[in-house]
Structure formats: structure tokens, C-alpha cells
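Q: Okay, handing you the structure first.
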Amino acid sequence: MDILIVEDEPEIARLIQQTLESEGFSCRSCRDGINALQVFSEQQPDLIVLDLMIPGLDGLEVCARIRQKPGTKDPFILMLTAKGEEIDRIIGLSTGADDYMVKPFSPRELVARVRALLRRSLRQGGQAASQVYRTLNFTVDIDRHLAYRQLTATETETLDLTSLEFSLLSTFVSYPGRVWNRSQLIDKLWGDDFFGDERVVDTHVARLRKKIEPDPANPTFIKTVIGVGYKFEDPPSEK
């Protein structure tokens with residue numbers, strides 16, 4: 001597994017790299033946001049350890065730009081920062097981070113969180129099924145890992161989804177009308193491999209909505225059930 005470390009403090013960067021390499025990971029590092037995006041474009045890593053306060057572009061901007069870039073990989077992002085206020089965690093997760101650690105950190109905890117994130121990828125990639133779920137407006141082919149939205153009676157659109165977005169849509173489409181809370185979605189998608197903040201579910205739901213909803217601000221398909229969670233509805237479309 002390839003890991004990119006984006007940290008401007010040399011001692012911390014060295015500690016992270018030595019800790020992860022001692023566990024068998026392949027690591028590269030850079031010191032600023034602009035260089036981080038360049039390195040990411042050249043060779044996309046499996047996971048990024050990303051400091052929030054870095055020169056050039058800060059970690060939030062780097063995270064947001066990486067999530068907007070099309071590519072063969074959609075890396076896990078572990079945000080690393082000295083800030084520990086709840087609002088900072090929420091902002092970090094809202095830009096697309098998968099987990100959040102506050103300095104000073106334990107090397108053992110760092111390894112545990114990195115392994116937990118990477119196990120999510122293995123878990124998703126190892127799912128085997130030959131099922132196709134169809135609703136009025138969507139078709140999800142599990143075996144071929146393809147998802148389509150019905151635009152007209154004869155025209156479909158292939159959805160460009162990350163692995164996690166695909167798994168999330170598959171979960172919703174396979175149980176239309178069911179209300180899911182965050183814990184249930186985490187258990188369904190990641191099981192015991194999850195290590196992080198439950199609100200990361202909200203981030204991935206928001207990203208999925210942007211790709212499937214005609215108006216993400218007023219969702220038609222993925223509804224918020226206030227105080228509970230989310231449910232998938234598929235009303236007849238007006239074509």
C-alpha cells in the first residue's frame with residue numbers, strides 16, 4: 001500500500017514515515033499543498049496523511065481538490081492537525097476526509113487508524129455478488145460494479161462513483177424505503193473495520209447526492225429522516 005505524507009514539520013514527517021515504513025507501508029512525503037497535488041497527480045496513493053496547516057494550499061483545500069479530481073483511485077484521507085475543536089473536525093470531514101487525528105498523537109494509534117482505513121478498501125474490493133438491483137430510476141449491477149440512472153424511457157446515464165459511493169448507493173437501492181441511521185450504514189459498509197467519526201457518513205451521502213440528485217439541496221432520492229438518518233425513495237420521474 002502506497003501512502004503520501006503531507007506534513008511541513010520535518011520531525012513529525014520523519015516520525016510518521018518511519019512509523020509507517022516499519023509496518024511495511026511504502027511512503028512518500030512532501031511539505032506543502034501545491035507539491036502535494038503535483039505528487040498526487042503523478043502517482044495516486046492508497047492513503048494520504050494530510051496535515052491541516054501547511055504552506056501554499058492548506059489541508060482543507062488540498063483535500064477538496066483531490067476529491068474533485070477524476071482518477072483510478074479515490075484515496076483515503078487521514079487529516080492530521082494540532083486543532084482539536086469539534087468544529088475543526090466537522091470542517092475537515094465535510095471536505096472529504098475519512099478520519100481525523102489531533103497532534104500530539106500516538107504512533108500506535110496512527111498505525112491502527114491507517115490499517116482500519118485500508119481494511120475498508122479490502123473489504124469493499126472483496127465483496128462478491130452477482131446481483132442486479134433495479135428501481136424506477138436506477139440500476140445497480142453489483143457483479144460488474146456499474147450503476148446507471150434512467151434519463152428517459154430509452155436513455156441511461158452511467159454514474160461515475162467511487163467504490164464507497166457505489167457501496168452506499170447499492171445499500172440504499174437494495175432496501176428502498178428503509179430508514180438507516182449512521183451506525184447501521186457504518187456496520188453495513190465497513191463492519192468492525194470502521195475507526196473514526198460517524199459523521200463521515202454525512203460527507204459520503206452528500207457526495208453521492210451530488211452525483212445522482214437533480215437538485216442535491218432538495219434531494220429526490222436520498223431523503224434525510226430528521227433525528228434518525230437516511231432513506232432511499234424512488235418516485236416516478238417526470239419525463
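If you're matching positions, the sequence shown starts at 1 in full-length UniProt numbering and goes up one per residue.
The C-beta atom is built at its ideal place from N, Cα and C for all residues, glycine as well.
Which residues in the same chain as His145 place their Cβ atom closer than 7 Å to its Cβ, once the five residues preceding and following it in sequence are excluded?
A: Phe166, listed in sequence order.
Q: Do the segment 31–39 and the segment 52–66 meet, that is, are 3 or more Cβ pairs less than 8 Å apart?
A: Yes, they touch.
Q: Quick check for students: name the residue ranges of the alpha helix (DSSP H) that lie wholly in the UniProt DNA-binding region "OmpR/PhoB-type" (130–234), counting only runs of 4 or more.
A: The UniProt DNA-binding region "OmpR/PhoB-type" (130–234) contains these whole alpha helix (DSSP H) runs: 163–174, 182–189 and 200–212.
Q: So, at 8 Å on beta carbons, what are the nonlocal neighbours of Glu21 in its own chain, with the 5 sequence-adjacent residues on each side left out?
A: Result list for Glu21: Cys27, in chain order.
Q: Please name the residue or residues paired with Val39 in a DSSP beta bridge.
A: The partner list for Val39 (beta bridge, DSSP) is empty, contrary to what the question assumes.
Q: Pop quiz: Ile3 and Phe25 are said to be a contact at Cβ under 8 Å. What is the actual Cβ separation, rounded to whole angstroms?
A: Indeed, because the Cβ distance is near 5 Å, the residues count as touching under 8 Å.
Q: What is the DSSP secondary structure of Glu109, counted as helix, strand or coil?
A: Reduced to three states, the DSSP call for Glu109 is helix.
Q: So the candidates are Ile212, Leu164, Ile226 and Asp187; which of them puts its Cα closest to the Cα of His204?
A: With distances taken between Cα atoms, His204 lies closest to Leu164.
Q: I need the DSSP call for Lys14, collapsed to helix, strand or coil.
A: Here the sequence assigns Arg to residue 14, which means Lys is not the residue at that position. Here Arg14 sits in helix by DSSP.
Q: Does the Cβ of Ser106 have 16 or more other Cβ atoms within 10 Å, making it buried, or fewer, making it exposed?
A: That one is exposed.
Q: Sort Trp180, Cys63 and Thr158 by Cα distance to Ile226 and report the nearest one.
A: Closest by alpha carbon: Trp180.
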